[in-house]
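Novice: Note that the sequence shown covers residues -10 to 127 in my numbering. For each residue, glycine too, the CB sits at the ideal point set by N, CA and C.
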Amino acid sequence: MNGHCMCNAVTVDVAALGPGMTACHCEMCRRWTGTAFVAVHAKGADVAWKGPVKTGSFSTWATRGWCDDCGSTLFYRIKEDGSYGLSTGLFDNAADHALTGEYYVDEKPEGWAFAGDHTRMTRAEALAHFGVTEEDMQ
């Protein structure tokens, strides 16, 4: 699977993507993307980047990446295992994946709703699912 940012300066090659895609409604993701961060997932070893990738660490458990030229959102990477949540916008047709889950549904704006039958987790459920504490989010 190949993808690229808006200006084509950053490209990504992914050997294998996990099943489905997820949407995160946490405050950080909404401020970062302007909406929910919708991602497909891959192991760190399966992902190769080229171009001006800029990263920042805004929590103790993950880093975020974007194109340093156009600002396109690229990824959310878990520090512990190196796995990626890759922005679906990098790939044509969201890499042909269906939405399988939403996180922080209790924090999403009232007018936002994704259709379909999939897992929906509150903040507390998402933190427990990922083994993260409130302190890790600081």
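Would you mind working out which of Glu114, Asn(-9), Thr89, Arg66 sits nearest Cys18, comparing C-alpha positions?
Specialist: To locate residue 18, count along the sequence shown from 1; it is residue 29. Among Glu114, Asn(-9), Thr89, Arg66, the Cα nearest to that of Cys18 is on Arg66.
Novice: Go through its chain and collect everything with a Cβ distance to Asp35's Cβ below 7 angstroms, but skip five positions before and after it.
Specialist: Residue numbering aside, residue 35 sits at position 46 when the sequence shown is read from its first letter. The beta carbon of Asp35 lies closer than 7 angstroms to those of Val3, Ala4, Ala5 in the same chain, with the five residues before and after it left out.
Novice: Just to confirm my understanding: we take Ser72, look at its own chain, exclude 5 residues before and 5 after, and list those with CB closer than 8 angstroms. What are they?
Specialist: Sequence index remark: in the sequence shown, residue 72 carries index 83 (1-based). Once the five neighbours on either side are set aside, the close Cβ partners of Ser72 are His30, Ala31, Lys32, Gly33, Arg66.
Novice: With DSSP as the reference, please indicate the residues paired to Cys59 in a beta bridge.
Specialist: As a working mapping, residue 59 is identified with position 70 in the sequence shown. Secondary-structure assignment with DSSP links Cys59 through no beta bridge to anything.
Novice: In this structure, how does DSSP classify Phe103 when only helix, strand and coil are distinguished?
Specialist: Your numbering for residue 103 matches position 114 in the sequence shown. Annotated three-state conformation of Phe103 is coil, per DSSP.
Novice: Hey, how far is the Cα of Lys97 from the Cα of Asn(-3)?
Specialist: The count along the sequence shown starts at 1 and reaches residue 97 at position 108. The count along the sequence shown starts at 1 and reaches residue -3 at position 8. Answer to the nearest angstrom: the Cα atoms are 31 angstroms apart.
Novice: Mind checking whether Ser76 and Thr89 have CB atoms under 8 angstroms apart?
Specialist: Locating residue 76 in the sequence shown gives position 87, counting from the first residue. Locating residue 89 in the sequence shown gives position 100, counting from the first residue. The answer is no: Cβ separation not under 8 angstroms.
Novice: Could you check the C-alpha separation between Ala28 and Val94 for me, to the nearest Å?
Specialist: Taking the first residue of the sequence shown as 1, we reach residue 28 at position 39. Taking the first residue of the sequence shown as 1, we reach residue 94 at position 105. Ala28 and Val94: Cα-Cα distance of roughly 16 angstroms.
Novice: Short check: CB of His14 to CB of Glu91, under 8 angstroms?
Specialist: Position 25 of the sequence shown, counted from the first residue, corresponds to residue 14. Position 102 of the sequence shown, counted from the first residue, corresponds to residue 91. Their beta carbons are under 8 angstroms apart, which means His14 touches Glu91 by this criterion.
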